[in-house]
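To get the working numbering, take the position in the sequence shown, counting from 1, and add 7. All residues carry an ideal CB built from backbone N, CA and C; glycine is no exception. One structure is given below, encoded as structure tokens.
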Amino acid sequence: MTTTPAHDAKIAKMTFASVYPHYVTKVEKKGRTKEELHTVITWLTGFDDAKIQNLIDEKVTFADFFQQATLHPNAPLIKGTICGYRIEEIETPLTQQVRYLDKLVDELAKGRKMEKILREG
8 MTTTPAHDAK
18 IAKMTFASVY
28 PHYVTKVEKK
38 GRTKEELHTV
48 ITWLTGFDDA
58 KIQNLIDEKV
68 TFADFFQQAT
78 LHPNAPLIKG
88 TICGYRIEEI
98 ETPLTQQVRY
108 LDKLVDELAK
118 GRKMEKILRE
128 G
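Listed below in structure tokens is the structure:
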């Protein structure tokens, strides 16, 4: 299933700050921590805690968020389905990157071990 141009545009314009609280709520509701969430975000993007907070404060769009990121070389190892889309089949790079993040947050909330989430072994 491929994404539509309208879907891709909607994701590009969405702000990281609008989604971040949902990520925090999702992981904390399942017994994980905000620190673990930041570990996952840092692994994917290279952003430290201060940069993550700065991006939230600036209300950057996902387009700007991932433009500033240095994606982890193992990010393409993130596979599976999220929000009805098979991640490895998404053709629009930005949409795929946002779904990488969604999938990592989902795995964290589901209690997966951190070394598995971070594709370390």
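DSSP state of residue i mapped onto helix, strand, coil
{"i": "Arg144", "result": "Past the boundaries of the shown model lies residue 144; the chain is included only from 8 to 128, so the question cannot be answered."}
{"i": "Ile97", "result": "coil"}
{"i": "Ile85", "result": "coil"}
{"i": "Thr46", "result": "helix"}
{"i": "Thr68", "result": "strand"}
Neighbourhood of residue i by C-beta, 8 Å cutoff - its chain only, sequence neighbours within 5 removed
{"i": "His14", "result": "Thr102"}
Straight-line gap, residue i to residue j (C-alpha atoms, nearest Å)
{"i": "Glu122", "j": "Leu115", "result": "11 Å"}
{"i": "Arg126", "j": "Phe54", "result": "18 Å"}
{"i": "Ala19", "j": "Asp71", "result": "8 Å"}
{"i": "Lys41", "j": "Tyr27", "result": "10 Å"}
{"i": "Glu95", "j": "Thr88", "result": "9 Å"}
{"i": "Gln75", "j": "Ile97", "result": "21 Å"}
{"i": "Val105", "j": "Cys90", "result": "11 Å"}
Residues near residue i in its chain [Cβ-Cβ closer than 6 Å; skip 5 each side]
{"i": "Asp56", "result": "His45"}
Cβ neighbours of residue i in the same chain (closer than 7 Å, five flanking residues each side left out)
{"i": "Thr68", "result": "Ala19, Lys20, Met21 and Thr22"}
{"i": "Val47", "result": "Leu111, Val112, Leu115 and Ile124"}
* To do: Tell me the start and end of each unbroken alpha helix (DSSP H) in the segment 9 to 38 that is at least 4 residues and wholly inside, in chain order.
  => 12 to 20 and 23 to 36
- Query: For the segment 108 to 119 against the segment 57 to 67, are there 3 or more C-beta pairs whose distance is under 8 Å?
  - Reply: no
TODO: Specify whether the segment 75 to 92 and the segment 24 to 42 touch according to this definition: at least 3 beta carbon pairs, one from each stretch, less than 8 Å apart.
DONE: no
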